[in-house]
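Working notes, beginning with the structure itself.
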Amino acid sequence: MKITKVLGLSFLLFAFIGTSFPEAVHAKDPAAVLDVFGHEVQAGARYLIVAPSTDNTTTLAVTINSQVLCNSDVILSTLNESLPITFSPVIQSTDSVIREGTHLNVNFAGPSAMCLKGGVTPMWKIRFSTTAKGFIVTTGGVDRLNRFKITKYEGDNSFYQLSFCPMSETFCECSCVPVGVNGDNNLVPGAGPLLVMFEPDE
Numbered sequence: 075m076k077i078t079k080v081l082g083l084s085f086l087l088f089a090f091i092g093t094s095f096p097e098a099v100h101a102k103d104p105a106a107v108l109d110v111f112g113h114e115v116q117a118g119a120r121y122l123i124v125a126p127s128t129d130n131t132t133t134l135a136v137t138i139n140s141q142v143l144c145n146s147d148v149i150l151s152t153l154n155e156s157l158p159i160t161f162s163p164v165i166q167s168t169d170s171v172i173r174e175g176t177h178l179n180v181n182f183a184g185p186s187a188m189c190l191k192g193g194v195t196p197m198w199k200i201r202f203s204t205t206a207k208g209f210i211v212t213t214g215g216v217d218r219l220n221r222f223k224i225t226k227y228e229g230d231n232s233f234y235q236l237s238f239c240p241m242s243e244t245f246c247e248c249s250c251v252p253v254g255v256n257g258d259n260n261l262v263p264g265a266g267p268l269l270v271m272f273e274p275d276e
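75 is the number of the first residue of the sequence shown in the numbering used here; add one for each residue after it.
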């Protein structure tokens, strides 16, 4: 009888907490990432990653350094050379909205039949470049092993920043490192963050 009473009281207490403090039971979703028009960025939709030039006179965009998506380096170039990308959560969800701080796979949304036939993907990853003498962002990634995330840029809330989130602590003691640009316009992890926005590719 005592055990039954204790269980009954425990159930009533939990029910009271759930109705009185719903935030204790249902955590609030992180903020949605917004495109340049203020619309929620959608998983699987095509976007251009754009960024202001250092002198704020032109708009730059993310693309690749060759004509083929397979094993190409990801660079920052002029807007007319931009390539569309798609975002997809590493952990599948029924939520179609891309949210701040969520681990993502980033893919170029271009012709990839040749890449896939050769066992290579247009997914972003990090590799060591002997030419750049450091780690750079390239294509050819593997699902779940090449995680990125989008967060608001702390210095200016109108911009976002991309970060690479390694599976192991390769670059530093933190879990994620900002993605920036080196002197050759390669996207690189561990650099000063590149300020970016997301423009729908229509």
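Just so you know, even glycine gets a beta-carbon here, dropped at the ideal spot from N, CA and C.
Proximity of residue i and residue j at Cβ, strictly below 8 angstroms
{"i": "A117", "j": "S162", "result": "yes"}
{"i": "L153", "j": "V124", "result": "yes"}
{"i": "V164", "j": "N179", "result": "yes"}
Alpha-carbon to alpha-carbon, residue j and residue i
{"i": "G208", "j": "V251", "result": "14 angstroms"}
{"i": "V309", "j": "N260", "result": "Any question about residue 309 goes unanswered here, given that the chain covers just 75 to 276."}
{"i": "E155", "j": "I210", "result": "19 angstroms"}
{"i": "T205", "j": "Q166", "result": "36 angstroms"}
{"i": "Q235", "j": "W198", "result": "16 angstroms"}
{"i": "N139", "j": "E273", "result": "21 angstroms"}
{"i": "I149", "j": "F233", "result": "19 angstroms"}
{"i": "A265", "j": "S237", "result": "10 angstroms"}
{"i": "T168", "j": "T160", "result": "17 angstroms"}
{"i": "D275", "j": "S249", "result": "31 angstroms"}
{"i": "K226", "j": "L122", "result": "17 angstroms"}
{"i": "L66", "j": "Q141", "result": "Summary: the structure shown does not reach residue 66, with the chain confined to residues 75 through 276, and so no result is reported for it."}
{"i": "H113", "j": "N145", "result": "32 angstroms"}
{"i": "T133", "j": "M271", "result": "10 angstroms"}
{"i": "C21", "j": "P263", "result": "Nothing in the structure corresponds to residue 21, since the chain is present only between 75 and 276."}
{"i": "G184", "j": "V136", "result": "13 angstroms"}
{"i": "I200", "j": "V253", "result": "11 angstroms"}
Buried versus exposed, by CB contacts within 10 Å (16 or more), residue i
{"i": "D147", "result": "buried"}
{"i": "A105", "result": "exposed"}
{"i": "F202", "result": "exposed"}
{"i": "V255", "result": "buried"}
{"i": "G33", "result": "No answer is possible for residue 33: it lies beyond the span of the chain, which begins at 75 and ends at 276."}
{"i": "T212", "result": "buried"}
{"i": "F111", "result": "exposed"}
{"i": "D217", "result": "exposed"}
{"i": "K102", "result": "exposed"}
{"i": "L143", "result": "buried"}
{"i": "F222", "result": "buried"}
Member of the options whose CA lies at the smallest distance from the CA of residue i
{"i": "L108", "options": "N231, G266, P240", "result": "N231"}
{"i": "M241", "options": "E276, L219, H113", "result": "L219"}
{"i": "E228", "options": "L269, D258, A265, P263", "result": "L269"}
{"i": "G175", "options": "I224, G184, T133", "result": "I224"}
{"i": "G257", "options": "N145, C239, S151, A183", "result": "S151"}
{"i": "V115", "options": "L134, R173, T137, C239", "result": "R173"}
Distance cut-off 7 angstroms: residue i Cβ against heavy atoms of the ligand SAH
{"i": "V253", "result": "With respect to small molecules bound, the structure shown includes none, and the ligand SAH cannot be examined in it."}
Exercise. Report yes or no: do the stretch 113-129 and the stretch 194-210 share at least 3 C-beta pairs separated by less than 8 angstroms?
Key: no
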